[in-house]
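Input: a single structure, listed below in structure tokens.
In the UniProt record's numbering, the protein residues as written are 1 to 783.
Have a look at this one:
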């Protein structure tokens, strides 16, 4: 019987112990040179390829590795470097790559840590925009286009890594972001031609793709993977034309190599015929998120192509149900035959933690239900073996037993929680008064000046803070000693904010490890891994909590710290919470009930915390919903259903309070235009958003909608080490003030300050306060 071939679309880059993160940050600090960082990358690639080979994966990917982001790598590959980074037109260096991602310091700070001492020849340059990769918590760097943008082959990374794999005896499968996806994800940044159609650039872009593909073929690549996840979106006629034009040309350029086009994250729907008609050798389909469409796919699948079916979930951590996957694969095998069927994961394993092997403390019962990236490799190979008739029947029986244990576990279901969700009424999501009435009450109670200043929540998690937490976890620091340390850090942070004139301070969140993990650790229905890290952006890794059962809050989670913080200052202290939609979207979520039900369970738990904060005298409560848009389905026809339960969940959380309690929310790195009505429907008194990287572009949606509530458009990009000047922030505030009533305008950074250093935060916030003061004085003088 024919062997079923196996492959994956991509593998996690960060390393089992986050080796890439650690090396990258040392490089940024100037503590190791570029060759040392590149050596770490090379060793990780070798290790990852060998693991895949050892697991039995037939076709391993290459060029799925990145020091920051795969779209940024494509920007560099195509020479699509914005002019402000001073690129000389040669091979794009690692320094320039990091400058695009993180910003280049101005000339006064040239040679600083932002990219190892050389940011695009030391010229000033703000970082390129960053936003979410489809509906994941991974962020990509947004390509920038102008009417005169030109492309040329400008790095050798993809060829170098292919040769590395060849040297190890692997004829690996190079991976590229596809041309239509690349153009779709980019933005026109051209003041002279703001309405320029970026798809007009296709004829300039395709020759570079043709050159890359032809060169890979000449160097011996058997297969080349081109990722086109935009097939899961609503495509315009222009995009569809671009697909036809692109692949007619790329198929010719491939020569002896064969092309695999991969789509993932959703169904194809009206794009099915276009996808199946691509003149390529193989097509990859996400059979996890697109399971309902598999029948239609198989019935229409062309006789001259190979089908790669992604039956292993690349984005969640639950052990695969072999029986369910085998049913899909057997159906495909019957239609296509074994020779034309490959087994894979639904998407790149970039979105999964690396391995369960190091998880020594994870709850044993729940660990039995899980599979991280390395375990998914085994699942892929096992399924292919079972499908070929040569598999291990004992593995199938063990899988069935594990599925049964999870299904019947008493730890998953809590009747009281289910009854409370069933009892939710419309009244649970309503404030006592409309915003205009609340605003007057809050102004009187809070006594804030025009252009009030605040921050988003966290302050730098210094080496001292991390060291104290590590000692405490190892019992080298007692609870009392750790508590005293945290209180002193909190006190110093608040007193400094008062000293520089922050109108509404925050306590800094030194007791918190992560904005989701911190709450998940205190909620029943969650468990945590030790090493379950996934990349969010650049060197930023998160360890998503595992939501396995019904959610309850056994006791208050933040009241003690917020009450202590308020005792340190006379200014109104914000209580800081993470909202239910964000906790949900940034968790690995149970797959045995609708996400909407889990979200409402979270909403009720956080609502209890909100009400306890109010009872404790906290007058301002921020409920972050950074991931609201991230969970938006890729198809517009499904948006309303999601937005209905997401907004309802936020309102349940926030709206049990009195008029004088001011509710804030925060959202970052999202496009708001299409969901502004839903955001307004959340009815938060104040919303803070990211706008500095987009030069206030993201504010346009709120202006055009005539957003009625108060808003804080961020004036300080915290994801870049650049320290904005008073004049730069004043300019941004003025731009916002031209379209937002001054009485509704707040001044704040884009996001929390946890990842920045005090040496950056201090001058940046001092400048921010000074910018607000200058504008406040000017406004009062004009009265």
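Ideal placement from N, C-alpha and C gives every residue a C-beta, glycine not left out.
Contact with chain D by residue i, beta-carbon distance below 8 Å
i	result
residue 244	Structure shown: chain D not included; a single protein chain is present.
Proximity below 8 Å, CB of residue i to CB of residue j
i	j	result
residue 172	residue 377	no
residue 612	residue 556	yes
residue 228	residue 262	yes
residue 454	residue 498	no
residue 348	residue 631	no
residue 866	residue 624	Outside the displayed range of the chain (1 to 783) lies residue 866, so it cannot be described from this structure.
residue 663	residue 684	yes
residue 560	residue 622	no
residue 313	residue 288	yes
residue 368	residue 400	no
residue 435	residue 490	no
residue 81	residue 100	yes
residue 735	residue 682	no
residue 282	residue 308	yes
residue 13	residue 566	no
residue 212	residue 176	yes
residue 301	residue 335	yes
residue 58	residue 6	yes
residue 460	residue 753	yes
residue 595	residue 429	no
residue 807	residue 226	Shown here, the chain extends from 1 to 783; a query on residue 807 therefore has no answer.
residue 153	residue 49	no
residue 445	residue 619	yes
residue 322	residue 260	no
residue 525	residue 500	no
residue 235	residue 329	no
residue 142	residue 94	no
Among the options, nearest to residue i - alpha-carbon criterion
i	options	result
residue 739	300, 672, 713	713
residue 352	511, 195, 545	545
residue 416	9, 605, 733	605
residue 675	237, 628, 185, 479	628
residue 74	183, 14, 39	183
residue 194	218, 145, 215	145
residue 768	71, 33, 725	725
residue 372	292, 588, 259	588
residue 538	44, 156, 130	130
residue 215	101, 733, 252	252
residue 427	649, 271, 460	649
residue 761	775, 513, 745, 722	722
residue 831	218, 233, 138, 271	It is not possible to answer for residue 831, since the shown part of the chain is limited to 1 through 783.
residue 494	342, 486, 483, 507	507
residue 25	727, 701, 540	540
For residue j and residue i, believed in contact at Cβ under 8 Å, the rounded distance
i	j	result
residue 660	residue 441	5 Å
residue 246	residue 531	Wrong, their Cβ atoms sit about 40 Å apart, outside the cutoff.
residue 686	residue 657	Rounded, the Cβ-Cβ distance is 14 Å, inconsistent with contact.
residue 784	residue 729	Given a span of 1 to 783 for the chain in the structure shown, any question on residue 784 remains unanswerable.
residue 205	residue 78	7 Å
residue 362	residue 527	7 Å
residue 162	residue 62	5 Å
residue 52	residue 4	That belief does not hold up - the Cβ atoms of residue 52 and residue 4 are roughly 16 Å apart, past 8 Å.
residue 275	residue 747	Actually they do not touch by this definition, with Cβ atoms about 47 Å apart.
residue 569	residue 505	6 Å
residue 690	residue 599	Contact flag wrong, Cβ pair sits at about 23 Å.
For residue i: DSSP bridge partner residues
i	result
residue 285	309
residue 260	225, 282
residue 624	578
residue 140	131
residue 7	59
residue 702	DSSP output for residue 702 lists no bridge partner at all.
residue 454	504
residue 174	62
residue 277	DSSP lists no partner for residue 277.
residue 145	188
residue 588	546
Can you list, in chain order, the stretches of the beta strand (DSSP E) that have 3 or more residues and sit fully within the stretch 486-573?
524-527, 534-537, 540-542, 546-552
Ignoring anything shorter than 3 residues, give me the beta strand (DSSP E) runs that lie fully in the stretch 620-694, in order along the chain.
620-624, 662-667, 686-689
Quick one: complete beta strand (DSSP E) runs, 3+ long, within the stretch 397-449?
none
At 3 residues or longer, and completely inside the stretch 693-781: list those beta strand (DSSP E) runs for me, N to C.
710-713
Going along the chain, which unbroken runs of the alpha helix (DSSP H) with 4 or more residues stay wholly within the stretch 324-380?
Listed in chain order, they are 364-367.
Which complete alpha helix (DSSP H) runs does the stretch 178-251 hold, if anything under 4 residues is left out?
179-185, 202-218
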